[in-house]
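Visitor:
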Ligand SMILES: Nc1ncnc2c1ncn2[C@@H]1O[C@H](COP(=O)(O)OP(=O)(O)OP(=O)(O)O)[C@@H](O)[C@H]1O
Ligand code: SF4
Ligand SMILES: [Mg+2]
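Residue numbers (the working numbering), protein chains in the order written: chain X, 4 to 331; chain S, 9 to 350; chain U, -16 to 550.
Set out below in structure tokens:
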């Protein structure tokens, strides 16, 4: 796994996304939600990077920023050699086909007034010059690829089941032959029985088309199964990133440890090692994060220094990064 | 959809009959008297005679049935006669719904007023919608920008400042303060007899419509732009909009094809539901500018206890409201594939 | 040379005379705009009692004689007014004979004949037609044509004032040919006729839009070839008095606006713009208090406010007089009516010959005097300041119609009455109900379920006989006569009734005036009716409009034929 020289397809550096808060009669800006506050990571070609964290920690925001669905506040996002953080207009649109997204809620992510066929073929109109028949053929291929009957092309999204809808979402994401796909909790809204089907589909497609995934989820077991490497997020920042196996076996950051302690370990031999750590208190508001280490309000190992100094994002082992004052 | 429409239409018939009866009942119970507005110099015996001649001595149910017959049978037959020259039954002496006040057929009075009401109130609705939609769209797209703030302010003014204030204000500015020979001077009194035959008379018509239309359009635009904005905001934050952006569509396409089309669904319904009000006229604005449309007709009817007139007008409004409710439902079904009535 | 001068001379003369002709030509002044803030509903005054309709119709239809701005009769379709002296009125006062002028034509060119007059009388006297002017034909036994131009109206008894039918704008002559099929129950079905009557007046109808606008054009067959000066005329209706005033006085869009009952200062401000002039004229309209001499206490059930139960304290003349003395009439005029009002101490203040000189003094408020009067009459102030006697408290329910000025008056009068120890409860009722005459409503002005009520009333034309007849015993409204009758105070005085009878048999105008004044004085000096304000009519005309004479005795537009544009 470590032999081939790894080439980052996506490089995120010091990414920041602050949402302004408007208040009062005149709706003036009074502050900002620091949904993402300075994070850096790479996604290597062909891999699946898992992004985990509690609800509200900013995972989706990261995913959307990386695809430039937001105007980012700061930092750079380099995809395939181009920094897209500052691109706009036609340049950005030209870059879009390379990167796509699969959303959590397949219903909400499909325009209710468009048929499945036009949802899938719409990006083709924009980016490819195809005849109608070519388009129809392409739509058919895509529907085959995701396991949908071609005759459904004239139906509207609401006429499908959740699993089918997510397949439509995947088909349309694939339409422009992207290299990189952000999957934002693509299975969270589905029945457990269908989750496996969709995950398998994603894996098959990755193999078939050589896709690179940023896989966002709070289902830690699923991430372990799917991801090559895993990044853990807390309150707008990354706290630990490492090889999936290493991270799950030996989490270093107190937050990762707490998070993983709640997951039933598939390896009974290891089961005894990790005690369940229960975190006290609530997650602070991203509009007003605590000074120093953002985890310091809940960290069982917190010291005085944690409340003042923000821990640096350091490499603590081969390809293993973390942000904590007390990790060697 | 067709079945649904037909079913609904069938259901409206008893509904409307009931409505017409209730209207009649309310009018009958109102402590009002068609001779009440006559000068005091008219002696009571004469008043009694007048009441008799108006048929007010008959029992209530009889007068209602008479109205039903006149309205549902005689009036349509008369229309056939007027439009196609078909004569069914005794078309010379057919008793039509007759106004107490003018002693002329109510339907003719209504027809006479339709043009100015449609011109002024209808135009103000169209203008209002045309102003409201872009304002709503831009306000939502640039939420909290100065444009949005300004739009909110205008909407607030439109909502809260009554038309009798804006109307008189405009008259004071455009008819009183601006000298009559200036090209910006606008007439404060609407000339219903003006016929548009050539360019100058068209200009004249535009000038006399300008103030009432603007006053009402502001009011209408205030409502509709808020709806448009809210609906746009609802949709702008939806995932499918992100999908559209992720597809690499032009921002214009995202906005106009994806967001706007979906946002229009509720707005179109609201617009359709508002159309009966156009026919209802704008009582106050019509009064201020002396447009003398349906609104003014209704108010005169009420003031003079002109029961047949008020009954017929109110009933026609009820019909329009019921119909446009149906239209709104059907439109909703047509626009939103998620809705199926059958 | 001579010839040249001659030619030039005749040419010049011809030119001069054509310009002179042009000046006097019919229709020389183009269009005039009249605004009535109440729109006309019909042009048949027999089917409408509304002033707006009668006025509008008066431009088209004409009676035999008019009243001028001073209340004097002037011949219209006749050459002279019939009187006893000229033999037109029979010596026994039971008939009057009118003689139409020669050569009169309807606007369609056909001759006007006595048959038209007879037809019109029959039209209105047909009981099934709902004629709203039938009171004008009260006492008419027959109307017959003696020849093509002579009409004789016979009354069922002596009629000392036989000028009811066909005098004034309310009873104009209809064209028999046009209305032949509109008699009785057919009257309301004749929309075309009612909206476009053929008349003898200066204008003819080109378009009638009910409750909106009437377009008129000069009548080509009008008897005076130089009139009217305006070729066309627009009679616009709708809006409100303020807007109508504005359109004449401020924007100058209209030439004449009718009935501008506006706050005095508002009119003054508008007039200051210099576009037009405010006109006022005083008819017989008097805002008055009617004292209820019977007991309105609900405990009497059906006999409430009937003569069966005299009022517990209003029957005391001292109380009534004190109520009147406490009122500051000049102040009421000032705040309520301005130019459109005058103080009056008579219920019959005009025409001038009927205005009694015997009641002056009410102009000055006299609270002290009123208090003294009540003290003297034995009304003692109780602990709460309200006077009482033998357990009867001076506590008054004071009702009127809903109207801003009336409510101001109520508030002021309540305060003045409080100063003389009278407690007042105010009530206002929607005008349509108050004046509506609905038998089932307890709030009509006839039922008078209150101690005092306030409203204004007047009479048509110039003759007060019928008006003064309102206060006879027989005119008292009660359940027995379905609450009809104009004697709201329930005043019953045989001496008064005697005067009424006497007037009914008197033809001499001066003698009639003496009787009317005597009746007025009886009512005034018994303080049964307390006059407050003599109200006038207010109108506005553009400064470019000439010939307008505001006439309170007839239509505002009575002399529209004489109106012209200032050069
Ligand atoms: N458009 C926005 N405007 C303002 N605040 C936002 C916006 N989008 C997200 N946020 C805030 O940013 C923070 C991170 O949101 P985000 O949706 O990225 O969380 P998440 O990790 O994806 O949560 P979940 O697992 O529930 O999907 C939250 O506090 C959220 O309220
Ligand atoms: S830096 Fe301090 S507070 Fe933050 S994780 Fe490490 S020990 Fe906990
Ligand atoms: Mg999320």
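Where is the CB? At the ideal position from N, CA and C, for every residue including glycine.
From a predicted model like this one, the values you see are computed outputs, not experimental measurements.
(1) Are residue 145 of chain X and residue 123 of chain X closer than 8 Å when you measure CB to CB?
(2) In chain S, which residues lie with their C-beta within 9 Å of the C-beta of residue 198 of chain U?
(3) Run the proximity test for residue 63 of chain X: is its beta-carbon closer than 7 Å to any non-hydrogen atom belonging to ligand 3?
(4) Determine the DSSP secondary structure at residue 8 of chain U, reduced to helix, strand or coil.
(5) At least one CB of chain X closer than 8 Å to the CB of residue 248 of chain S: is that the case?
(6) Following the continuous alpha helix (DSSP H) through residue 518 of chain U, name the residue where it begins and the one where it ends.
(7) Quick one: complete beta strand (DSSP E) runs, 3+ long, within the stretch 181 to 255 of chain X?
(8) Identify the residues that DSSP records as bridge partners of residue 437 of chain U: which are they?
(9) Within 8 Å (strictly less), CB to CB, does residue 270 of chain S reach chain X?
(10) With 16 other CB atoms within 10 Å as the buried threshold, where does residue 160 of chain U fall?
(11) Does residue 444 of chain U pass the burial test, meaning 16 or more other C-beta atoms within 10 Å, or should it be called exposed?
(12) Can you tell which of U/389, U/248, U/309 and U/367 has its C-alpha closest to the C-alpha of residue 322 of chain U?
(13) Is residue 188 of chain X near ligand 3 - that is, is its Cβ less than 7 Å away from at least one heavy atom of it?
(14) Name the residue from U/393, U/368, U/370 and U/374 whose alpha carbon lies nearest to the alpha carbon of residue 380 of chain U.
(15) So does the stretch 232 to 247 of chain U actually touch the stretch 496 to 510 of chain U, counting three or more Cβ pairs closer than 8 Å?
(16) Is the stretch 6 to 25 of chain X touching the stretch 33 to 50 of chain X in the sense that three or more CB pairs, one from each, lie closer than 8 Å?
(17) What does residue 132 of chain U pair with, by DSSP beta-bridge criteria?
(18) Which same chain residues, not among the five before or five after residue 482 of chain U, have their C-beta less than 6 Å away from its C-beta?
(19) With the cut-off set at 8 Å, would you say residue 180 of chain U and residue 27 of chain U are in Cβ contact?
(20) Measuring CA to CA, which of U/177, U/222, U/128 and U/55 is closest to residue 19 of chain U?
(21) Using a Cβ cut-off of 8 Å, which residues of the stretch 218 to 230 of chain U contact any Cβ in chain S, in chain order?
(22) Flag residue 260 of chain X as yes when its Cβ comes closer than 7 Å to any non-hydrogen atom of ligand 5, and as no otherwise.
(23) How would you label residue 318 of chain X, buried or exposed, when you count the other beta carbons within 10 angstroms and need 16 or more for buried?
(24) Looking only at its chain, what residues have a beta carbon closer than 8 Å to the beta carbon of residue 13 of chain S, apart from the 5 residues adjacent to it on each side?
(25) Which class does residue 213 of chain U belong to by DSSP, given the choice of helix, strand or coil?
(26) Could you check whether the stretch 261 to 269 of chain U touches the stretch 519 to 530 of chain U, counting it as contact only if at least three pairs of C-beta atoms, one from each stretch, sit closer than 8 Å?
(27) For residue 60 of chain X, count neighbouring Cβ atoms within 10 angstroms of its own Cβ and tell me buried if that reaches 16, exposed if not.
(28) Between residue 330 of chain X and residue 281 of chain X, what straight-line distance do the alpha-carbon atoms span, to the nearest angstrom?
(29) Which residues of chain S have a Cβ atom closer than 7 Å to the Cβ of residue 195 of chain U, listed in chain order?
(30) On the premise that residue 200 of chain U lies in contact with residue 214 of chain U, defined as a C-beta separation below 8 Å, what is that separation, rounded to the nearest angstrom?
(31) With DSSP collapsed to three states, give me the class of residue 156 of chain S.
(32) Can we count residue 234 of chain X as close to ligand 2, meaning its CB is less than 7 Å from some heavy atom?
(33) Please compile the residues from chain S whose C-beta is within a distance smaller than 7 Å of the C-beta of residue 29 of chain X.
(34) Which residues in the same chain as residue 79 of chain X place their Cβ atom closer than 6 Å to its Cβ, once the five residues preceding and following it in sequence are excluded?
(35) Where residue 313 of chain U and residue 326 of chain U are concerned, what is the direct C-alpha to C-alpha distance, given to the nearest angstrom?
(36) Looking at C-alpha atoms only, which residue of U/331, U/387, U/238 and U/462 is the closest neighbour of residue 290 of chain U?
Guide: On the basis of the data shown:
(1) yes
(2) 201
(3) yes
(4) coil
(5) yes
(6) Here residue 518 of chain U belongs to no alpha helix (DSSP H); instead the beta strand (DSSP E) covers 512 to 525.
(7) 183 to 187, 215 to 219, 232 to 237 and 240 to 246
(8) U/272 and U/383
(9) yes
(10) exposed
(11) buried
(12) U/248
(13) yes
(14) U/393
(15) no
(16) yes
(17) Note: residue 132 of chain U sits in no beta bridge, so no partner.
(18) 498, 501 and 502
(19) yes
(20) U/222
(21) 219, 220, 221, 222, 223, 226, 229 and 230
(22) Ligand 5 is not part of this structure, which contains only ligand 1, ligand 2 and ligand 3.
(23) exposed
(24) 334 and 338
(25) coil
(26) yes
(27) buried
(28) 20 Å
(29) 200 and 300
(30) 7 Å
(31) helix
(32) no
(33) 157
(34) 16, 86 and 88
(35) 6 Å
(36) U/462
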